[in-house]
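K.L.:
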Amino acid sequence: MCAEVDVGNGLPGYSMVGLGASAVKEGGVRVRAALEHSGWKLPPRRVTVNLAPADVRKDGAAFDLPIAVGILAAQEVVPRAALEGVLFLGELSFDGSLRRIAGGLPVALFARSLGVRALVLPRACAAEAGMLPEVPVLAAGSLPEVAAWLNGQCELERASQVRTGGLPPDDNDLSDVRGQEYTKLALEVAAAGGHNLLLVGAPGSGKSMLARRLPTILPPLGEEEALETSAIYSAAGKLDGGGLVRRRPFRAPHHDVSVAGLVGGGQVPRPGEISLAHNGVLFLDELPEFQRATLEALRQPLEERTITIVRARASVRLPASFALVGAMNPCPCGYHGSSVRACTCDPKSVRRYRARISGPLLDRFDLQVYVPQVDFKELTDERAGEPSATVRARVLEARVRQQDRLLGTRLHSNAQMGPRDIARWCRLDGESMRHLGEVVKRRGMTARGVHRLLKVSRTLADLAGRDAVSRIDLQSAIDFRVLDQEVL
Ligand SMILES: Nc1ncnc2c1ncn2[C@@H]1O[C@H](COP(=O)(O)OP(=O)(O)OP(=O)(O)O)[C@@H](O)[C@H]1O
Ligand SMILES: [Mg+2]
Ligand SMILES: [Zn+2]
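Numbering (my numbering), first residue to last: 1334 to 1821.
What follows is the structure in structure tokens.
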């Protein structure tokens, strides 16, 4: 997008074309005030500002600075040649000072793709854009400062490269959880391969506690991943100038979240929870409590790992590659399948409860485990379980194996493999293949279910340090799908 400014003959006035949203129109008032306050008068001629492309709705006040600079250049207050290859963005106050805008980092990524000479941004948000070594980001405090720089009268300060910060630290640890060895293994597999995980169990069995400890065993973000995730936080205005997001995001929206809040959208398309969870985890606690339409909206991004938000005049595609973790009770009373207390629900209400989550969505959970209640003796055991650091070390090793295999592709983990990768990397021996065939037939599994099962087998083999997927890996992956087995 760009702003073209034309100062021509005609009745004195100021008009803007190109579908500026109200914020841009109000920008006209701000630009005029900022120019006058800084000692420049709008010419007694016609000023036409064209925001291109015309069919894309522009929002936000980021166009104030380029419009003002355009007017100054049209009046030859600053040399036009000095604008060559420079990208300007920023909101102006009436007094000519520059205010922060959201999305400094995506702007920098865009600037990198254009190969600009410099990117000029308000000082308050320059740091988050200054993280790309290829793009010189210059921080300006006011319009007169920008004009002085364009006239070669001063230097603009180069934005410092803040490279840490982002999400707050986490003081949970897996060792807080007593017992639950099998559930912890499922968590480890989910972390190692980036798989979706559903935890089903009685109230108080520790589902939420376990899920919230998943981030403590996830591998760190790679450099490109960190940029991708940070760009989304920057666009959502959630980076607070604090530097790159360095930890994988863990988003846990409440069950009353709207469709737009979850997948993104709104008048001005904003990233939803699934994009904020990009390269990390989306945790939906109390899964059956979410609106059905909200959950169904997850189906497409869960397959495609991106989300397209369609609006009347424009559509935006945002990345949304996340691992989904869900937690739920098995029935309305919560004790179906429990060894501690009897379930008081009739079979019909159990079925109705489960039907709140559609078959296609359930099918997308690669790992589905029943979380049992630990007994009193286990709960009060003095010995702490394995710490997160130990589990994380195994996860990292399994990730290294995946990265070696996926080198040269855009994939980061087993969960992201497509059918062709699966055919290549999840080969089974004849006996395992026959066994899988029987299971698929007996359970009526879908093609997607089979592919997800094979990817989990691959991760189990990676955790065990095996090059080929073994019969044991396959069987463990099969056992990790309790809802398919109808044992619950
Ligand atoms: N295995 C465990 N080791 C240590 N503490 C546990 C364990 N399981 C449960 N707890 C304790 O029980 C509390 C409740 O667990 P949590 O909230 O995770 O249960 P839940 O399965 O999510 O229940 P609900 O279905 O009601 O949401 C935890 O905060 C913790 O104090
Ligand atoms: Mg809970
Ligand atoms: Zn019940």
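Every residue, glycine too, gets a C-beta built ideally from N, C-alpha and C.
Between which two residues does the beta strand (DSSP E) holding Phe1616 run?
P.N.:
1614 to 1617
K.L.:
Can you find the residues in the same chain that come closer than 6 Å, C-beta to C-beta, to Leu1483, ignoring five residues on each side of it along the sequence?
P.N.:
Val1411, Ala1415
K.L.:
Just how far apart, CA to CA, sit Gly1763 and Arg1650?
P.N.:
42 Å
K.L.:
For Ala1457 versus Ala1401, is the C-beta spacing smaller than 9 Å?
P.N.:
Contact: no.
K.L.:
For ligand 3, which residues have a Cβ under 5 Å from at least one heavy atom, in chain order?
P.N.:
Cys1664, Cys1666, His1669, Cys1676, Cys1678
K.L.:
Does the distance from the C-beta atom of Pro1455 to that of Val1728 stay below 9 Å?
P.N.:
A distance of 9 Å or more separates the beta carbons of Pro1455 and Val1728.
K.L.:
To the nearest angstrom, report how far apart Cys1678 and Gly1534 are at their CA atoms.
P.N.:
15 Å
K.L.:
In angstroms with no decimal places, state the Cα-to-Cα distance between Arg1804 and Val1419.
P.N.:
59 Å
K.L.:
Tell me the rounded alpha-carbon separation between Ile1404 and Asp1339.
P.N.:
8 Å
K.L.:
Mapping DSSP to helix, strand and coil, what is Thr1497?
P.N.:
Unreliable positioning characterises Thr1497 in this predicted model, as indicated by a pLDDT of 47, which lies under 50. The coordinate reading is nonetheless provided below. Three-state result, Thr1497: coil.
K.L.:
I believe Glu1719 touches Ser1508 by the beta-carbon criterion, under 8 Å. Please report the beta-carbon distance rounded to the nearest angstrom.
P.N.:
Confirmed, about 6 Å.
K.L.:
Quick one: does the C-beta of Ala1523 sit closer than 8 Å to a heavy atom of ligand 2?
P.N.:
no
K.L.:
Return yes when the C-beta of Arg1511 is under 8 Å from any heavy atom of ligand 5, and no when it is not.
P.N.:
As for ligand 5, it is missing from this structure, which binds only ligand 1, ligand 2 and ligand 3.
K.L.:
So, using beta-carbon positions, are Gly1597 and Ser1608 closer together than 9 Å?
P.N.:
yes
K.L.:
Could you tell me if the beta carbon of Asp1618 falls within a distance shorter than 8 Å of some heavy atom in ligand 2?
P.N.:
yes
K.L.:
Looking at the unbroken beta strand (DSSP E) that takes in Ser1648, where does it start and where does it end?
P.N.:
1648 to 1652
K.L.:
Which ranges would you report for the beta strand (DSSP E) in the region 1486 to 1572 if only whole runs of at least 3 residues count?
P.N.:
1530 to 1534, all fully within the region 1486 to 1572.
K.L.:
In terms of residue numbering, what span does the alpha helix (DSSP H) encompassing Ala1810 cover?
P.N.:
1804 to 1812
K.L.:
Can you give me the Cβ contacts of Arg1734 inside the same chain, cut-off strictly under 6 Å, excluding the 5 residues immediately before and after it?
P.N.:
Here Arg1734 has Asp1795 as same chain residues with Cβ atoms under 6 Å from its own Cβ, once five neighbours each way along the sequence are excluded.
K.L.:
Where Ser1563 and Phe1443 are concerned, what is the direct C-alpha to C-alpha distance, given to the nearest angstrom?
P.N.:
14 Å
K.L.:
Tell me, please, which residues DSSP counts as bridged to Ala1473.
P.N.:
Pro1455
K.L.:
Under 8 Å Cβ to Cβ from Val1364, same chain only, skipping five residues before and after it: list those, please.
P.N.:
Asp1397, Ile1400, Ala1401, Ile1404, Leu1425
K.L.:
Could you check if Met1766 is buried or exposed, using at least 16 other CB atoms within 10 Å of its CB as the buried criterion?
P.N.:
So Met1766 ends up on the exposed side.
K.L.:
When you measure from the CB of Lys1540 to every non-hydrogen atom of ligand 1, does any distance come out below 8 Å?
P.N.:
yes
K.L.:
Please confirm whether any heavy atom of ligand 1 lies closer than 8 Å to the CB of Asn1662.
P.N.:
yes
K.L.:
What does the alpha-carbon distance come out to for the pair Arg1496 and Met1464?
P.N.:
Confidence at Arg1496 is low in this model, with a pLDDT of 48, below 50, so its placement is unreliable and no value can be given for it.
K.L.:
Can you tell me whether DSSP reads Val1601 as helix, strand or coil?
P.N.:
coil
K.L.:
Starting from Thr1677 and walking both ways along the alpha helix (DSSP H), at which residues does that stretch end?
P.N.:
If you look at Thr1677, you'll find it isn't in any alpha helix (DSSP H); DSSP assigns it neither H nor E.
K.L.:
Quick check on Gln1701: does DSSP put it in helix, strand or coil?
P.N.:
strand
K.L.:
Report back the beta-carbon spacing between Phe1583 and Gly1555 to the nearest angstrom; my notes put them in contact at under 8 Å.
P.N.:
No, Phe1583 and Gly1555 are not in contact; Cβ-Cβ is about 17 Å, not under 8 Å.
K.L.:
In terms of residue numbering, what span does the beta strand (DSSP E) encompassing Leu1657 cover?
P.N.:
Per DSSP, Leu1657 belongs to the beta strand (DSSP E) from 1656 to 1661.
K.L.:
Could you tell me whether the Cβ atoms of Arg1687 and Pro1621 are closer together than 9 Å?
P.N.:
yes
K.L.:
Taking just the CA atoms, how far does Arg1732 sit from Thr1713?
P.N.:
34 Å
K.L.:
For the beta strand (DSSP E) holding Phe1421, just list the boundary residues, first then last.
P.N.:
1419 to 1421
K.L.:
Excluding five sequence neighbours on each side, which residues of the same chain lie with their C-beta closer than 8 Å to the C-beta of Ala1675?
P.N.:
Tyr1668
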